[in-house]
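Okay, so the sequence shown: first residue is 1 according to the UniProt record's numbering, each after it adds one.
Note that beta-carbon positions come from the ideal geometry of N, C-alpha and C, so glycine has one too.
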Amino acid sequence: LASAAISALGASKVANGDVIVTYGCAHVVEEILLSAHSRGVSFRVIVLDARPHWEGRALWRRLVAAHLHVSYAGMHALSYAMRSATKVLMGAHACLSNGAVVSRAGSAIVALCASRENVPVLIACETYKFAERVMLDSICANELGDPDDLVTVRPVRAAAQTGAAAATSGAALAAGGALAESVDGGANVLACLTDWR
Numbered sequence: 001l002a003s004a005a006i007s008a009l010g011a012s013k014v015a016n017g018d019v020i021v022t023y024g025c026a027h028v029v030e031e032i033l034l035s036a037h038s039r040g041v042s043f044r045v046i047v048l049d050a051r052p053h054w055e056g057r058a059l060w061r062r063l064v065a066a067h068l069h070v071s072y073a074g075m076h077a078l079s080y081a082m083r084s085a086t087k088v089l090m091g092a093h094a095c096l097s098n099g100a101v102v103s104r105a106g107s108a109i110v111a112l113c114a115s116r117e118n119v120p121v122l123i124a125c126e127t128y129k130f131a132e133r134v135m136l137d138s139i140c141a142n143e144l145g146d147p148d149d150l151v152t153v154r155p156v157r158a159a160a161q162t163g164a165a166a167a168t169s170g171a172a173l174a175a176g177g178a179l180a181e182s183v184d185g186g187a188n189v190l191a192c193l194t195d196w197r
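Here you go:
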């Protein structure tokens, strides 16, 4: 019931020719966009997304399947996307008693960029997400996630070498403390650094 009321009200805010920027994937935002599209409103959507979960991909796929005019971009294209935006539409995890909104990481920068471009930001939030708490800064209740979700570490590999150069560089790598492994053809490849200090 709440999402139906929010989608009806939100769809009334979407006008012909609008370019709506969204961030992440909120069900109520999807319902608003689909409701506006079903009313015959002609608009464009730019779905912004970021690591580590890439939630916007699912929203992008569903909007494309519903035949909306949708673009997809990473957060690095935020300022470029905001230049053509007429509205920003985002969901929320919570709405606090002082009017502050708690949402996924990156939402604040989207709102700040929209403010800089004088683009209105609309937050769709069901009443069961309203909270009596007040948060004075984003540090007091932030969750600490796994940093490995944000940074991918891969071993460094050198190009495969053959002949005398391979034997020379392989011996040098082994003497320098790096681990050289043998691959097909006997070429030495740098797999990882074992003792780099």
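- A residue is called buried when at least 16 other Cβ atoms come within 10 angstroms of its Cβ; G40 does not meet this threshold and is exposed.
- According to the DSSP secondary-structure assignment, V102 is paired through a beta bridge with A94.
- Distances from the alpha-carbon of I32 to those of A100, A73, A131, L63 put L63 closest.
- Taking a C-beta distance under 8 Å as the contact criterion, V14 and A36 qualify as a contact pair.
- T22 sits in a strand when the DSSP states are folded into three classes.
- Per DSSP, G74 is one residue of the beta strand (DSSP E) stretching across 69-74.
- Distances from the alpha-carbon of T86 to those of D18, S71, H27 put D18 closest.
- M82 is positioned such that its CB atom lies closer than 8 Å to that of V119.
- In the three-state DSSP reduction, A66 falls in the coil class, being neither helix nor strand.
- When secondary structure is reduced to three states using DSSP, A111 falls in the helix class.
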